[in-house]
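Numbering (my numbering), first residue to last: 2 to 117.
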């Protein structure tokens with residue numbers, strides 16, 4: 002996976018299926034625990050399934066980014082199958098979704114502009 006600092010305040014991560022998924026989320030968790038000033042975009046374009054461990058990691062990441070750090074977390078590029086997992090678990094109501102990376106990044110930038 003590629004974790005890249007897209008801008009000074011936005012980190013973009015291109016996720017893949019497990020076992021890489023878990024390693025990538027752990028790396029992002031480490032990042033947001035040391036840098037409390039970044040928004041995170043997770044691109045699910047290469048993710049074909051989610052298990053309960055993946056969901057637990059996402060919830061932990063959400064807590065750190067959105068609650069502890071008071072920043073934003075956007076999920077994008079989600080396949081129909083993975084979207085079904087979010088719907089069945091009710092997680093579609095607590096995460097912020099965008100269709101693709103460009104939309105997610107634009108949404109964060111527009112939000113920043115409106116806050117100024």
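Every residue gets a Cβ at the ideal spot worked out from N, C-alpha and C, and that includes glycine.
Because the structure is a prediction, the values reported are computed rather than measured.
In the DSSP assignment, residue 8 is bridged to 11. Annotation: the continuous alpha helix (DSSP H) that includes residue 83 extends over 81–90. With a 10 Å radius around the Cβ and a threshold of 16 neighbouring Cβ atoms, residue 27 comes out exposed. Counting only unbroken stretches of 3 or more residues, the beta strand (DSSP E) elements lying wholly within the stretch 30–65 are 40–47, in sequence order.
A distance of 9 Å or more separates the beta carbons of residue 112 and residue 74. With respect to residue 42, residue 22 sits apart: the two C-beta atoms are not nearer than 9 Å. Taken through DSSP and simplified to helix, strand or coil, residue 112 comes out as helix. Linking residue 38 to residue 70 through their CA atoms gives a straight-line distance of about 7 Å.
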